[in-house]
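Asks: Residue numbers (our numbering), protein chains in the order written: chain V, 1 to 157; chain B, 158 to 314.
Note that beta-carbon positions come from the ideal geometry of N, C-alpha and C, so glycine has one too.
Protein chains: 2
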Amino acid sequence: MQTTSPGDESRHKIELALGERISALISATRALSERSAAHFHPHLQPAAFHIARWLYAFGPARPSEVAEAVGMDRSSTSSLIGKMRSLGLLDSSPALDDRRSIIVRLSPEGRQRVAATLEERGKEFYTRTQDWSTADLTRLVELLGRLTAERSSETGS
Amino acid sequence: MQTTSPGDESRHKIELALGERISALISATRALSERSAAHFHPHLQPAAFHIARWLYAFGPARPSEVAEAVGMDRSSTSSLIGKMRSLGLLDSSPALDDRRSIIVRLSPEGRQRVAATLEERGKEFYTRTQDWSTADLTRLVELLGRLTAERSSETGS
DNA sequence: TGAGGTAGTTTGCATATCTCCACCATATCA
DNA sequence: TGATATGGTGGAGATATGCAAACTACCTCA
């Protein structure tokens, strides 16, 4: 695993560091995330929040795509999607290009509920940025946005 | 609690945006995280990885502190810590200030295993930053570091 | 000193989720 | 056309984790 050029080597170090920082962020937010999931909706299992949050962040998609993206299996995802639909948290429409499939999306109420959960539970986290400059905050938002904006080349549709 | 000054208002908007970006990042990395947890160690439950990863990121701590931080209950945490100890993945020492308590820390092997898991599974994620400038990458690493740097009593490393 | 609280561990039980497995409708390909 | 694969759904059984309670050792405070 010896790197060939000095540039590649330091680049890889930075990428490794990024991985560790993201990992630290995930660790730091895990308790918050689980609590949010538990409080998302009184008639839903926690995992429903993971589905809803993904749809909130990345928009409408097919159930199998959601399952793959959040690392859940298709049965559980299907069942939770069914429950969320019957609770009015999300809508579905037939997929245009494949009549076996459907597209699920958050309903306005579902979207609102995710937003409320994020804001309510996220307050505990805001204290960390209280002494940040607005410029740094904005920069971080922008960079994170670029990091997660990557949903065009998938599924070739 | 309505904010009064325009500065506070836009500030809050940025904080909200940050919350949504972090949420998106967590959604985007959830599948990866779960897969990493599942592959962390063949004789351990997935949740052991969450404990190990937290210790990797934030250093030695008491079991109850870990449980609180990763959002798991103390019985599961205790049981998993016991298993990891017997597998040589972490060591424990008595807490100096409280003889009821202990301090757990990753062993060199445990640390190495977490690092290996992070690097191996994280590769799928690196493609996202391939076309980033090194400056942006470095900046993101720095900002994320500041966001998660919250523990005063770290043990070097 | 004694009373009550806390840290860690263990156990029993409830529940959430995963792993197969099967099924149907549709798609894809020979 | 037929054969095989895929997307969504549902069920049965296995496992992981949460929750509650009990226990020991220890701490804290009156």
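Does the beta-carbon distance from L137 of chain V to E177 of chain B come in below 9 Å?
Replies: No; because the gap between Cβ atoms is not below 9 Å, this pair is not in contact.
Asks: May I ask you to report which of helix, strand or coil DSSP gives R178 of chain B?
Replies: R178 of chain B: helix per DSSP, three-state reduction.
Asks: From S236 of chain B to T291 of chain B, what does the alpha carbon distance come to, in whole angstroms?
Replies: Computed Cα separation, rounded: 42 Å.
Asks: Can you list the residues of chain V that H207 of chain B reaches, using a CB-CB cut of under 8 Å?
Replies: Going along chain V in sequence order, the residues near H207 of chain B (Cβ under 8 Å) are S27 and R30.
Asks: So with CB distances below 8 Å, who are the chain B contacts of L144 of chain V?
Replies: Those within 8 Å of L144 of chain V in chain B are L175, R178, I179, A181, L182 and L297.
Asks: Does DSSP put R268 of chain B in a helix, in a strand, or in coil?
Replies: Note: R268 of chain B maps to helix in three-state DSSP.
Asks: Does the Cβ-Cβ distance between L143 of chain V and R296 of chain B come in under 9 Å?
Replies: Yes, the Cβ-Cβ distance between L143 of chain V and R296 of chain B is below 9 Å.
Asks: Out of B:W211, B:E307, B:R257 and B:G267, which one is the CA nearest neighbour of H198 of chain B?
Replies: Answer by Cα proximity: B:G267.
Asks: Is it buried or exposed for G279 of chain B, if we count other Cβ within 10 angstroms and need 16 for buried?
Replies: When all chains shown are included, G279 of chain B counts as buried.
Asks: Hey, how far is the Cα of A188 of chain B from the Cα of E68 of chain V?
Replies: The straight-line gap from Cα to Cα measures roughly 7 Å.
Asks: If you draw a straight line from the C-alpha of S76 of chain V to the C-alpha of R256 of chain B, how long is it?
Replies: For S76 of chain V and R256 of chain B, the distance between alpha carbons rounds to 45 Å.
Asks: Per DSSP, what kind of secondary structure is A61 of chain V in: helix, strand or coil?
Replies: In the structure shown, A61 of chain V sits in a strand (DSSP, three-state: E or B).
Asks: Thinking just about the alpha-carbon of each residue, which of B:E307, B:E276, B:D288 and B:L175 is nearest to the one in K13 of chain V?
Replies: The residue with the shortest Cα to Cα distance from K13 of chain V is B:E276.
Asks: According to DSSP, is D8 of chain V helix, strand or coil?
Replies: Looking at D8 of chain V - three-state DSSP - the assignment turns out to be helix.
Asks: Among residues of its own chain, excluding the 5 on either side of A57 of chain V, which ones have a beta-carbon nearer than 8 Å to its beta-carbon?
Replies: Excluding sequence neighbours, A57 of chain V sits near T148.
Asks: Do you know offhand how far W54 of chain V's Cα is from R105 of chain V's?
Replies: When rounded, the distance between both Cα atoms is 10 Å.
Asks: So S107 of chain V packs on L89 of chain V, CB below 8 Å; how close in whole Å?
Replies: With 8 Å as the limit, S107 of chain V and L89 of chain V qualify as a contact, their Cβ atoms being about 6 Å apart.
Asks: Can you round the beta-carbon distance between S250 of chain B and I259 of chain B to whole angstroms, since I take them to be within the 8 Å contact cut?
Replies: Going by Cβ atoms, the distance from S250 of chain B to I259 of chain B rounds to 7 Å, so yes, they are a contact pair.
Asks: Return the chain-ordered list of same chain residues with a C-beta closer than 6 Å to the C-beta of A61 of chain V, the five sequence neighbours on each side being excluded.
Replies: Excluding residues within five positions, none has a Cβ falling inside 6 Å.
Asks: Could you check the C-alpha separation between V114 of chain V and F49 of chain V for me, to the nearest Å?
Replies: Going from the Cα of V114 of chain V to the Cα of F49 of chain V covers about 8 Å.
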